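Trainee: I'd like to ask you about the structure that follows.
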Amino acid sequence: MDLATFVPKNILVCQLRQIGDVILMTPLLELLKKRYPDSAVHVLTEKKCLPVLENNPYCDRVWPIDKKDLSSLWKEVAYYRRVAAENFDLVVDLQQTPRCRWVVYFSKAPVRLTRTPPWYTRWLYTDWAEPEKCYASAMKAAVLGPLGITWQGERPLIVLTPGEKAAAKDHLAILGLSPGQTLVTVDPTHRRETRRWPARYYAELLEKAAAERPGLRFQLLFGPGEEAVVAEIAALSGKKDHLLPAGRLLSLREMAACIEASAMLLGNCSAPRHMAVAVGTPTLTIQGATSSGWVFPAPEHGYVASDIECRPCNKNSCDKGIACLTGLAPEAVLPEFLRRLDAARAGR
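Numbering-wise (this note's numbering), the sequence shown opens with residue 1164 and increments by one.
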């Protein structure tokens, strides 16, 4: 098939997880919709990721995978057949998981794209590309290379409604944010220790920053099961008024709206940093085991990292005491944080 003249009518993009990866996938939807404006663009993803795709103008339909509903192999296969029955003529598989492969197989789409697959699954795909190491969204978009589509700096996108933005401001006011104060959202959690800067370091950094910039307030973000990290930071901070109360657990879209309302997001290499890019909020990420390839290439997005020889290693555990994070003291992070905060405030 001549891909230069190929015009699909139905497109399926497969990105099941994680939440951050689904956010980073959204530029592909924009690229596909702009190249093929009359085509329907569908997404196959896990149910937990649905909220970040709501209201996306480049996504026509989402096919959620709910593991609770697909409790047997037969139910799974039936669902994948149902998705494939949409008669897709272009399938883009960004993960090559077993679930994605089922749908690719059943689709029988004439064009099936992915990154370079292992030899034993190459028969499932018609074309593939090997992405160069670069920003994560650009690497995902490289899969579209056989179509002549290239990433041109398109940003991840989360579309919030005016009502959601207003609700976030009301929520922050209830927590104690006053007019004239500057809000910084903080993401201090991560399930992997090699990506989680110590809670005591966050407590110290926030206290020092608040002393340097009066009127600065911090909102600590957390997900299910992460309350202990936030509680530890609050306990280490004593009764300082620079921390807003933790409040209730926020939904993904509520979290995105609070990030949008803030001047800046500070945090670990986790989904909220990608949310911030997707809603237009500047970021400063404290990098541990991961590389700078997760940082959007723009002046308002940056990172700090140790110059220790073994990073980035991309490992989930460490036998060196996580020196890349424990060796990165709050005093070393503070100047870059303040510099970026001042730039973010000047730009709002």
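Idealized CB from N, CA, C, for every residue including glycine. Computed from a prediction, not measured in an experiment: that's the story for all the values here.
Might you give, ordered along the chain, the residues of its own chain that have their beta carbon closer than 8 Å to the beta carbon of residue 1160, omitting 5 neighbours on each side?
Mentor: The structure shown does not extend to residue 1160, since the chain is modelled only from 1164 to 1511, so the question has no answer here.
Trainee: Restricting to Cα atoms, I'd like to know which of 1288, 1186, 1175 and 1389 is closest to residue 1247.
Mentor: The residue labelled residue 1247 in the question sits at position 84 within the sequence shown. Nearest C-alpha to residue 1247: 1175.
Trainee: Straight-line CA distance for residue 1296 to residue 1459?
Mentor: Position 133 of the sequence shown, counting from 1, holds the residue named residue 1296. Position 296 of the sequence shown, counting from 1, holds the residue named residue 1459. Taking the straight line joining both Cα atoms gives about 13 Å.
Trainee: Indicate whether residue 1406 and residue 1397 have their beta-carbon atoms separated by less than 8 Å.
Mentor: Translated into the one-based positions of the sequence shown, residue 1406 becomes position 243. Translated into the one-based positions of the sequence shown, residue 1397 becomes position 234. Yes; because the gap between Cβ atoms is below 8 Å, this pair is in contact.
Trainee: If contacts are defined as beta-carbon pairs under 8 Å, then residue 1435 and residue 1463 qualify, I think. What distance do you get, rounded to the angstrom?
Mentor: Locating residue 1435 in the sequence shown gives position 272, counting from the first residue. Locating residue 1463 in the sequence shown gives position 300, counting from the first residue. With 8 Å as the limit, residue 1435 and residue 1463 do not qualify as a contact, their Cβ atoms being about 16 Å apart.
Trainee: Rounded to a whole number of angstroms, what is the C-alpha to C-alpha distance between residue 1353 and residue 1425?
Mentor: On the sequence shown, residue 1353 is found 190 positions in, with the first residue counted as 1. On the sequence shown, residue 1425 is found 262 positions in, with the first residue counted as 1. One C-alpha to the other measures close to 21 Å.
Trainee: Consult DSSP for residue 1395 and reduce its assignment to one of helix, strand or coil.
Mentor: Taking the first residue of the sequence shown as 1, we reach residue 1395 at position 232. Reduced to three states, the DSSP call for residue 1395 is helix.
Trainee: Between residue 1199 and the rest of its own chain, which residues show a CB-CB distance below 8 Å, the 5 nearest in sequence each way excluded?
Mentor: Residue numbering aside, residue 1199 sits at position 36 when the sequence shown is read from its first letter. Cβ neighbours of residue 1199 beyond the five flanking positions: 1170, 1171 and 1174.
Trainee: Just the C-alpha distance for residue 1390 and residue 1503, rounded to the nearest angstrom, thanks.
Mentor: What you label residue 1390 is simply residue 227 of the sequence shown in a count that begins at 1. What you label residue 1503 is simply residue 340 of the sequence shown in a count that begins at 1. Cα-Cα distance, rounded: 27 Å.
Trainee: Tell me which residues share the same chain as residue 1301 and place their Cβ nearer than 6 Å to its Cβ, disregarding the 5 neighbours each side in the sequence.
Mentor: Sequence index remark: in the sequence shown, residue 1301 carries index 138 (1-based). Here the set comprises 1314.
Trainee: Provide the residue span of the alpha helix (DSSP H) that contains residue 1190, from first to last.
Mentor: Residue mapping note: residue 1190 aligns to position 27 of the sequence shown, counting from 1. From DSSP, the alpha helix (DSSP H) with residue 1190 extends over 1182 to 1198.
Trainee: With DSSP run on the structure shown, which of helix, strand or coil describes residue 1228?
Mentor: Translated into positions along the sequence shown, residue 1228 becomes position 65. Residue state, collapsed to three classes: strand.
Trainee: What do you get for residue 1303, buried or exposed, if any count of 16 or more other CB atoms within 10 angstroms of its CB means buried?
Mentor: The residue given as residue 1303 occupies position 140 in the sequence shown. When all chains shown are included, residue 1303 counts as buried.
Trainee: So, at 6 Å on beta carbons, what are the nonlocal neighbours of residue 1192 in its own chain, with the 5 sequence-adjacent residues on each side left out?
Mentor: As a position in the sequence shown, residue 1192 is number 29, starting the count at 1. Result list for residue 1192: 1204, 1221 and 1222, in chain order.
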